[in-house]
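Shown next, in the form of structure tokens:
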């Protein structure tokens, strides 16, 4: 059985970009993710200081996330999503899940 993982991406929007401009692109990105094999769940949140965002996605396996990254680089939806993100602000980390609970109780 493969190990579930999650990826955390912290970032800021480009100068002049508003959350109102960004959220429709985030919704389109969410639809892209929902079509990827092994995708489980995604959360997008503002950082506590409201100066940036945290995007967390959960995956069945590292291999599924790697396949998604390849599709990401070829997707016009994902390219549009990236136009709103300040490249120098991006911090990505991956984490292997060692214990988890079900959201369904």
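In this note's numbering, the protein residues as written are 5 to 109. We put the beta carbon where it would ideally sit given N, CA and C, even for glycine.
Residue j beta carbon less than 8 angstroms from that of residue i
i	j	result
residue 55	residue 16	yes
residue 13	residue 88	no
residue 30	residue 48	yes
residue 32	residue 94	no
residue 71	residue 41	yes
residue 45	residue 51	no
residue 10	residue 79	no
Boundaries (first-last residue) of the alpha helix (DSSP H) holding residue i
i	result
residue 30	23-38
Per DSSP, cross-strand counterpart(s) of residue i
i	result
residue 105	Answer is none; residue 105 lacks a bridge partner.
residue 13	59, 96
Residue nearest to residue i in terms of C-alpha spacing, selected from the options
i	options	result
residue 65	103, 43, 35, 104	43
residue 8	51, 100, 27	100
residue 39	90, 92, 73	73
residue 104	86, 85, 63, 26	63
residue 86	11, 26, 37	26
### Message
Please give me, in chain order, every unbroken run of the alpha helix (DSSP H) with length at least 4 that falls completely inside the region 37-86.
### Response
66-78, 80-86
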